[in-house]
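Participant: In the working numbering, the protein residues as written are 3 to 801. Glycine included, every Cβ here is placed at the ideal spot set by N, Cα and C. What you are looking at is a predicted structure, and each value in this text was computed from that prediction instead of being measured. Quick one: this structure, given as structure tokens, is what I'll be asking you about.
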């Protein structure tokens, strides 16, 4: 029986090749996007599967809450002293381990490489499933100060093919370590990424070791724990609350703790202060899933619309089959088999489109930054292939169920008594109109989002940020030669001025701190370490007071600059009122010598907030070089030559500041998002156009004789084109009136992500509707014009 169903389905698809091709192309377009997202989700859910007892491993999260109940962002880090307190006070905690982040230059006598690593305790290898490829007991190595474990790739870069164990490496601004082992590549993906593991005991002996005892440090360390099987998460969090109550009693700001299961990190919420943890946010994936489902919904509308449109042409066939004894269930099964076969054929074409989309998808900046990608080899993973096939089967079943039930409902007597193509077939013009309207509305929403997203990207690129970017170069510096580098650069002929900073504005890299003023609550601020020439080189405007003096004296070390937002939050009426006042910052009193005009130091997603600029020589990591007018290229060459003469341990990185600012990670992510929505919009337009094309073809076929008669009676071609097209004009106009407010609301909602954004202009939305409507009518016109041009004798010769 099933063989018969498949054979009949194949013959039916072949006999209606045009409609079958339209449906296959439409479904394949939607499927390719859905398959891509399914593959990405499959890649993410396989993270951290190789760790033993992974279901019992949790990570501690922290969140600052002030006395008013205002909560800060949730952080994936926790104070280091929390771990021993958990082991002592929470019975269901079996074991904890702490890690601290290392991002620095690692060098030997002959080579220096920027690398990421972790300070780790011996218990790291008890909780996680990493293993050594070479060396002895990793727990013993991490239990001794001055020991380090290297990943294979880093060991090869530092020591070539020679032995690494027993050799020494130096981590800049940390200390020198002895290599005790080589960590093997993990057997699967993990959110914990590192090039090296250094002994946590070593950190405790360094000047920064005081951080290990700091209960307010929620940015340097992450804490993991193994809990008892069946332990209550709520009970653990209540005991953590008790620890917090004791530690932060009487303080203005407390820190609350919660726990997150290891399996919930990938595809989990977006957290700040991730320590060596890189995984795709669940919010990003949910957006991608939503886009894919909307495209698939449009493709499903396409299939249902065309299937119902064909109802009249297939009614005779179904009537004959019912007359010869076929039951309704058999008709349904036959039509469902056709839908499933068509979906499986679409899956094959979808695989081809997926292979075309995959390289561009993997090049998206956010995915590259997080190490998330879909390998082409994964597409042939048996489990994933089964998921794809299951998805295709579900698509066929859901898309085919309504047409099958509707077509199988018709009565043979009414069908066979009517003329071919008559109304007895049960085709529903209202349903087809609703489906076509739904497709057009979805396409209009996608196109409007794509247009406004592109406009927002242009706005962010063209906005004045409040500081100078022209003729400025950014140089990543070697912290051990700042003064020498400054002196050499200042003498270069093409260089006009040089300044140093912890990071350039709009880099995404910034530090936070609290400042205090008498009679005012503590204020959270963003801080940048600078040298005294920074305001002048960057062209910052002063609202009141003065800048730093040219020389670096005692005045510059105790003085700070603040922005207008800071003095407003501290309660000063005017910028001038704040000049000369003192604030407590980083445990010392500092004089406010000047107030700079507000400028954008962060991405456009964040409003300009309180800012403190202070002189911090130990935290300077970038030089900003001001080139003489018209000598940018010469200045860059001279900087590279000076850098080479100084023989630092890594190559010079010299990039124009304008490129850094206007091509920052947020802008790249926005451009990638714009590309994604643009591709989805094109697919939505393609699917909508295919649906309109199919219904137009069917409408023309059904009205061929009417057109022939009207033309024989003197109707002009222009009048016939309008007769056949006016229904679609009304449909597009009516749908636009309904869809445009929805598009406005959706665009208005996502625009709120940006503190500074373009308006959702009705003119832009109207232009999108007009352009999309023009494309739709052009598709329909290809058929109506052809039908109106047919000679009446050709159409009516059989009458």
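1. Just to check my reading of the structure: residue 628 and residue 539 have Cβ atoms closer than 8 Å, yes? What is that Cβ distance to the nearest angstrom?
2. Grab the span of the alpha helix (DSSP H) containing residue 502 for me, first residue to last.
3. Would residue 384 be called buried (16 or more neighbouring beta carbons within 10 Å of its own) or exposed?
4. Tell me the rounded alpha-carbon separation between residue 195 and residue 271.
5. Do you know whose CA, among 394, 197, 699, 351, lies nearest residue 156's CA?
6. Buried or exposed, going by whether 16 or more other CB atoms sit within 10 Å of the CB of residue 507?
7. Using a threshold of 8 Å, is the CB atom of residue 659 nearer than that to any non-hydrogen atom of the ligand GTP?
8. Considering only the alpha carbon of each residue, which of 248, 231, 226, 286 lies closest to residue 262?
9. To test your reading of the DSSP string, which unbroken beta strand (DSSP E) runs of 3 or more residues are found completely within the segment 138-200?
10. Please state whether DSSP places residue 127 in a helix, a strand or coil.
11. Can you give the beta carbon distance from residue 689 to residue 301, rounded, assuming they're within the 8 Å contact cut?
12. Would you mind stating whether residue 344 and residue 34 have Cβ atoms separated by less than 9 Å?
13. Which residue from 179, 127, 169, 174 puts its Cα closest to that of residue 147?
14. Could you tell me the boundaries of the beta strand (DSSP E) in which residue 478 lies?
15. With distances taken between CB atoms, is the gap from residue 598 to residue 585 smaller than 9 Å?
16. Identify whether residue 380 lies in helix, strand or coil by the three-state DSSP scheme.
17. Cutting at 6 Å between CB atoms, please list the residues of its own chain near residue 535, excluding the five before and the five after it.
18. How would you call residue 493, buried or exposed, if buried means at least 16 neighbouring beta carbons within 10 angstroms?
19. At what residue ranges does the segment 652-710 contain a whole run of the beta strand (DSSP E), taking only runs of 3 or more?
20. Identify the residues that DSSP records as bridge partners of residue 256: which are they?
21. Excluding sequence positions up to five away, which residues of its chain have a Cβ less than 7 Å from the Cβ of residue 55?
22. Nearest-angstrom Cα distance between residue 499 and residue 633?
23. Taking residue 463 as the reference, which of 39, 661, 184, 74 has the closest Cα?
24. Buried or exposed for residue 138, please, with buried defined as at least 16 other CB atoms from any protein chain shown within 10 angstroms of its CB.
25. Find the nearest neighbour of residue 87 within the set 244, 670, 119, judged by alpha-carbon distance.
26. Go through its chain and collect everything with a Cβ distance to residue 145's Cβ below 6 Å, but skip five positions before and after it.
27. Is the segment 768-778 in contact with the segment 467-477, if contact means three or more CB pairs nearer than 8 Å?
28. Given 8 Å as the limit, is there contact between the segment 449-461 and the segment 525-535, that is, 3 or more CB pairs closer than that?
29. Ordered along the chain, which non-local residues of its own chain (more than five positions away) have a Cβ less than 7 Å from that of residue 294?
30. Just the C-alpha distance for residue 717 and residue 439, rounded to the nearest angstrom, thanks.
31. With residue 748 as the anchor, note down where its alpha helix (DSSP H) starts and where it stops.
32. Using the C-alpha atoms, what's the distance from residue 603 back to residue 786?
33. Take the Cβ of residue 568 as the centre, count every other Cβ of all protein chains shown within 10 Å, and call the residue buried at 16 or more, exposed below.
34. Is the distance from the Cβ of residue 616 to the Cβ of residue 592 below 9 Å?
35. Per DSSP, residue 513 forms a beta bridge with which residues?
36. Less than 9 Å separating the beta-carbons of residue 140 and residue 161?
Facilitator: Here's the rundown:
1. 5 Å
2. No alpha helix (DSSP H) holds residue 502; the beta strand (DSSP E) holding it covers 497-503.
3. exposed
4. 19 Å
5. 197
6. buried
7. In the structure shown, the ligand GTP is absent, as is every other ligand, since no ligand is present at all.
8. 226
9. 149-153, 170-173, 178-185
10. helix
11. 5 Å
12. no
13. 179
14. 474-478
15. no
16. helix
17. 501
18. exposed
19. 656-658
20. 67
21. 228
22. 13 Å
23. 661
24. exposed
25. 244
26. 124
27. no
28. no
29. 35, 36, 39
30. 30 Å
31. 719-753
32. 57 Å
33. buried
34. yes
35. 529
36. no
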